[in-house]
Amino acid sequence: MTMDMRNELPPAQAARKAWLSLMAKAPDSAMLALWDAQNCTPSFTWLRRPETGTVMVRGRAGGTGAPFNLGEMTVTRCTVQLDNGTVGHGYVQGRSHDKARAAALADAMMQGDAAEALQTSFLTPLSEQLAATKAKRARKAAATKVDFFTMVRGED
Amino acid sequence: MYVAVKGGERAIDNAHAWLGEERRGDHDVSELSVAQIRKQLSLAVNRVMAEGSLYDPDLAALAIKQARGDMIEAIFLIRAYRTTLPRFAGSEPIATEKMACDRRISATFKDVPGGQILGPTFDYTHRLLDFKLAAEGGLTDAPEGDAQPGDVPHVLSFLDGEGLIQQEKQGAETPPDLTREPMELPANRPLRLQSLARGDEGFLLSLAYSTQRGYARNHAFVGELRIGDVPVEVDIPELGFAIEIGDITVTECETVNQFTGSKTEPAHFTRGYGLVFGMSERKAISMALVDRALRWEELGEDNLGAAAQDEEFVLSHCDNIQATGFLEHIKLPHYVDFQSELELVRKLRRDTMAGAGNTHAQEAAE
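Chains D and R supply the protein sequences, listed in that same order. Residues in the first sequence are numbered from 65 upward in steps of one, following the numbering used here. Residues in the second sequence are numbered from 368 upward in steps of one, following the numbering used here.
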């Protein structure tokens with residue numbers, strides 16, 4: 065799939081992609097702490113219980129050329145169905161079944177009436193935490209940027 | 368001749384119990400946690416992930432603990448665990464040009480757009496032991512600067528724009544996978560890169576060094592070395608679109624190598640590529656040099672008979688788990704094999720002795 069095609073997702077799918085991506089990448093502890101604080105305990109049935117597997121990560125030769133297999137990463141997935149019929153998918157990095165379950169439940173609830181509340185109290189704070197961690201790292205990297213100066217040659 | 372085919376269970380159980388005790392060591396010293404290994408021996412964790420070919424820092428840290436710090440044993444544990452997991456999918460190729468760079472340097476251009484970012488490097492340290500760490504390391508807060516928004520472009524894209532560097536060929540969307548199909552030679556570049564990415568760091572370092580010393584020299588410059596996080600995007604069939612499934616740290620090295628040119632083609636630089644899980648720049652640079660050496664045929668160079676140019680030699684020997692498996696199996700019981708050899712040598716000696724005895728007898732008669 066090309067970058068252009070990804071950008072052309074309809075708004076509803078783009079939003080869903082954003083929250084699923086956020087939860088997939090969030091550290092287990094940060095995500096579960098925030099999720100537990102929501103006290104969200106909707107009743108649901110498992111369409112697919114959590115299972116851990118891998119995704120083969122690919123790179124490109126020279127960064128731009130032919131794809132090649134770099135190595136695998138662990139991923140856990142599950143699927144839930146709320147009593148109102150809404151289906152939620154959890155796909156998360158790592159091996160935490162709890163995190164996958166939380167992601168699937170949040171995905172289902174984000175498709176319903178609770179979306180706005182969950183966005184405010186769960187997804188936005190999670191997103192801000194991740195952005196803050198990333199920004200701090202970027203600032204530390206920036207502090208190690210080299211400022212070159214030219215030695216003045218003493219000949220005049 | 369008696370050959371034991373059973374037995375030793377009690378000895379083995381006791382040996383493993385002692386292994387556990389030795390692993391734990393002196394109880395006066397507090398036990399090492401997996402989290403400590405993950406956070407404080409992170410480069411060891413990175414190596415186990417890269418050569419274990421499975422990105423999971425917690426598992427790699429556990430493997431290091433279980434293996435008592437024996438890296439190849441830890442890699443073996445990860446490889447074995449990996450085979451128990453189902454494969455859900457293959458990712459979209461990671462977009463390293465969108466990397467959040469912790470480190471990004473170029474040895475070819477001083478004033479490269481995006482700047483030279485040193486990151487948390489051992490470079491420019493004096494390699495003097497720091498005895499403060501033997502006491503309490505203490506907390507150090509790294510200074511912070513002003514981060515520039517936006518992606519850091521690849522250095523080689525500037526050469527690319529001028530047509531000064533060879534273009535990378537496109538290839539099959541689904542690359543060959545040596546974990547699914549036995550490797551067949553000659554291999555194509557995607558298969559070679561997969562093999563090198565999980566290959567032994569020490570082996571690749573030595574091969575890369577051999578090219579620098581003159582065995583198929585290809586005059587490599589580090590065009591760019593970058594380390595940082597990239598998202599991994601995977602198409603999810605039940606959703607009908609791709610999501611980012613995680614963030615991984617990778618090290619990427621692009622080399623600019625000796626130029627080629629002919630009557631029909633203007634002179635231009637060639638390139639080698641290294642990409643490795645985690646922060647692992649020695650391995651990434653080594654991989655790029657070996658990748659470049661292996662491209663001799665494609666780039667119309669001579670086969671100088673150097674080890675680094677020999678695809679069969681490099682790819683068949685770079686996997687340390689294959690190598691150690693075959694190497695170490697010779698310490699396991701070979702009693703039957705050896706008994707038959709023993710019998711043969713005894714027989715040959717008897718024959719020789721008998722022959723020599725006859726010669727002596729003949730000489731005496733003459």
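For glycine and all other residues, C-beta sits at the position ideal for the given N, C-alpha and C.
Among L386/R, A673/R, T541/R, which residue has its Cα nearest to the Cα of G129/D?
Taking the first sequence and counting its residues from 1, one reaches residue 129/D at position 65. Nearest C-alpha to G129/D: T541/R.
Helix, strand or coil at S185/D [DSSP, three-state]:
As a first step, residue 185/D must be located in the first sequence, where it is residue number 121. Correct three-state label for S185/D: helix.
Where does H394/R land, buried or exposed, given buried means 16+ other C-beta within 10 angstroms?
Within the second sequence, the letter at position 27 stands for residue 394/R. Exposed, since its Cβ has fewer than 16 Cβ neighbours within 10 Å.
Specify whether the region 89 to 105 of chain D and the region 135 to 148 of chain D touch according to this definition: at least 3 beta carbon pairs, one from each stretch, less than 8 Å apart.
Flag = no, the region 89 to 105 of chain D and the region 135 to 148 of chain D do not touch.
Per DSSP, what are the beta-bridge partners of T140/D in this structure?
Position 76 of the first sequence, counted from the start, is the residue given in the question as residue 140/D. For T140/D, the beta-bridge partners assigned by DSSP are T116/D, V156/D.
Please report the Cβ distance between Y422/R and V121/D, rounded to the nearest whole angstrom; I am assuming they are in contact, meaning their Cβ atoms lie under 8 Å.
As a first step, residue 422/R must be located in the second sequence, where it is residue number 55. As a first step, residue 121/D must be located in the first sequence, where it is residue number 57. That belief holds up - the Cβ atoms of Y422/R and V121/D are roughly 7 Å apart, short of 8 Å.
Quick check for students: name the residue ranges of the alpha helix (DSSP H) that lie wholly in the region 634 to 683 of chain R, counting only runs of 4 or more.
Within the region 634 to 683 of chain R, the complete alpha helix (DSSP H) runs of at least 4 residues are 648 to 661.
Within a Cβ cutoff of 7 Å, which residues of the same chain sit near L715/R, ignoring the five residues on either side of it in sequence?
For the purposes of this step, residue 715/R is taken as residue 348 along the second sequence, with counting starting at 1. Excluding its 5 nearest sequence neighbours in each direction, L715/R has no C-beta neighbour in its own chain below 7 Å.
List the endpoints of the continuous beta strand (DSSP E) containing V597/R.
Residue numbering aside, residue 597/R sits at position 230 when the second sequence is read from its first letter. Segment 588 to 603, the beta strand (DSSP E) holding V597/R.
In three-state terms, what does DSSP make of L760/R?
The structure shown has nothing for residue 760/R, since chain R only spans 368 to 733.
Beta-carbon neighbours of Q183/D, restricted to chain R and to distances below 9 Å:
Taking the first residue of the first sequence as 1, we reach residue 183/D at position 119. Listed along chain R is no residue with a C-beta nearer than 9 Å to that of Q183/D; the closest approach is about 17 Å.
Would you verify that the beta carbon of R736/R is, or is not, closer than 8 Å to some beta carbon of chain D?
Within the shown structure, residues of chain R are numbered from 368 to 733, placing residue 736/R beyond reach of any answer.
Can you tell me whether H493/R is buried or exposed, with buried defined as 16 or more other CB within 10 angstroms of its CB?
Sequence index remark: in the second sequence, residue 493/R carries index 126 (1-based). Exposed, by the Cβ-count rule.
G158/D: which of D211/D, T150/D, M174/D, K89/D sits nearest, CA to CA?
In the first sequence, the residue the question calls residue 158/D occupies position 94. Checking every option, the nearest Cα to that of G158/D belongs to K89/D.
Ends of the alpha helix (DSSP H) at I379/R?
Here residue 379/R refers to the residue found at position 12 when the second sequence is read from its first residue. Membership of I379/R in the alpha helix (DSSP H) is indicated by the continuous run 376 to 391.
Top-ranked residue by Cα proximity to D544/R, from G528/R, W385/R, A564/R, Q407/R
As a working note, residue 544/R is residue 177 in the second sequence. When only C-alpha atoms are compared, the closest one is A564/R.
Rounded Cβ spacing between V412/R and I404/R (contact assumed at less than 8 Å):
The residue given as residue 412/R occupies position 45 in the second sequence. The residue given as residue 404/R occupies position 37 in the second sequence. Contact check for V412/R and I404/R: beta-carbon distance about 7 Å, within the 8 Å limit, so the pair qualifies.
Can you tell me which of G530/R, A502/R, D658/R, A609/R puts its alpha carbon nearest to the alpha carbon of L642/R?
The residue given as residue 642/R occupies position 275 in the second sequence. The alpha carbon of L642/R has as its nearest neighbour, out of G530/R, A502/R, D658/R, A609/R, the alpha carbon of D658/R.
So, does the CB of P549/R fall closer than 8 Å to a CB anywhere in chain D?
By 1-based counting over the second sequence, the position of residue 549/R is 182. Answer no: the Cβ-Cβ gap between P549/R and chain D never drops below 8 Å.
Does the Cβ-Cβ distance between G590/R and T475/R come in under 8 Å?
To locate residue 590/R, count along the second sequence from 1; it is residue 223. To locate residue 475/R, count along the second sequence from 1; it is residue 108. In this structure, G590/R places its C-beta atom within 8 Å of the C-beta atom of T475/R.
May I have a chain-ordered list of the alpha helix (DSSP H) segments no shorter than 4 residues that lie completely inside the region 520 to 571 of chain R?
The region 520 to 571 of chain R is shown to contain whole alpha helix (DSSP H) runs of 4 or more residues at 523 to 528, 556 to 564, in chain order.
Can you list, in chain order, the stretches of the alpha helix (DSSP H) that have 4 or more residues and sit fully within the region 408 to 488 of chain R?
Within the region 408 to 488 of chain R, the complete alpha helix (DSSP H) runs of at least 4 residues are 409 to 419, 424 to 433, 438 to 449.
Assuming the contact rule is C-beta atoms closer than 8 Å, A382/R and V415/R should be a hit. Round their C-beta distance to whole Å, please.
Along the second sequence, read from residue 1 onward, the residue named residue 382/R stands at position 15. Along the second sequence, read from residue 1 onward, the residue named residue 415/R stands at position 48. In fact, because the Cβ distance is near 24 Å, the residues do not count as touching under 8 Å.
Going by beta carbon distance, what residues of the same chain come within less than 7 Å of D425/R, once the five residues before and after it are set aside?
As a working note, residue 425/R is residue 58 in the second sequence. Around D425/R: V401, R405.
Alpha carbon of A78/D to alpha carbon of E611/R, nearest angstrom
Taking the first sequence and counting its residues from 1, the one referred to as residue 78/D is at position 14. Taking the second sequence and counting its residues from 1, the one referred to as residue 611/R is at position 244. Cα to Cα, the separation comes out at about 12 Å.
For G538/R, which of E679/R, G667/R, M438/R, P460/R has the nearest alpha-carbon?
The residue you call residue 538/R lines up with position 171 of the second sequence. The alpha carbon of G538/R has as its nearest neighbour, out of E679/R, G667/R, M438/R, P460/R, the alpha carbon of P460/R.
Tell me which residues share the same chain as G505/R and place their Cβ nearer than 8 Å to its Cβ, disregarding the 5 neighbours each side in the sequence.
Locating residue 505/R in the second sequence gives position 138, where the first residue counts as 1. The answer, listed in chain order, is K499.
Is the number of C-beta pairs between the region 706 to 721 of chain R and the region 598 to 616 of chain R that are closer than 8 Å three or more?
The region 706 to 721 of chain R is not in contact with the region 598 to 616 of chain R.
Under 7 Å by beta carbon: chain R residues contacting S228/D
Not covered by the structure: residue 228/D. The range shown for chain D is 65 to 220.
R454/R versus chain D: which residues are under 8 Å apart at the beta carbon?
As a position in the second sequence, residue 454/R is number 87, starting the count at 1. Going along chain D in sequence order, the residues near R454/R (Cβ under 8 Å) are G117, T118, V119, M120, E136.
Kindly indicate which residue of E632/R, E529/R, Q534/R has the alpha-carbon position closest to the one of Y640/R.
What you label residue 640/R is simply residue 273 of the second sequence in a count that begins at 1. Nearest option by C-alpha distance: Q534/R.
If you count every other CB in all the chains shown that lies within 10 Å of the CB of V703/R, and 16 or more means buried, which is it?
Position 336 of the second sequence, counted from the first residue, corresponds to residue 703/R. Label assigned to V703/R: exposed.
Secondary structure at A706/R, three-state DSSP: helix, strand or coil?
In the second sequence, residue 706/R corresponds to position 339, counting from 1. The identity of residue 706/R in the sequence shown is Gln, whereas the question assumes Ala. Helix at Q706/R.
Cutoff 6 Å; reference A655/R; Cβ partners in own chain excluding five residues on either side
Locating residue 655/R in the second sequence gives position 288, counting from the first residue. Counting only Cβ-Cβ distances below 6 Å, and skipping sequence neighbours, we find C620, T622, G639, Y640, G641.
Please tell me whether G123/D and R454/R are closer than 8 Å, where the distance is taken between their beta carbons.
For the purposes of this step, residue 123/D is identified with residue 59 of the first sequence, where counting begins at 1. For the purposes of this step, residue 454/R is identified with residue 87 of the second sequence, where counting begins at 1. Not in contact: G123/D and R454/R (Cβ atoms no closer than 8 Å).
Can you give the beta carbon distance from L111/D to T143/D, rounded, assuming they're within the 8 Å contact cut?
Looking up residue 111/D in the first sequence gives position 47. Looking up residue 143/D in the first sequence gives position 79. The Cβ separation is near 4 Å, so the contact holds.
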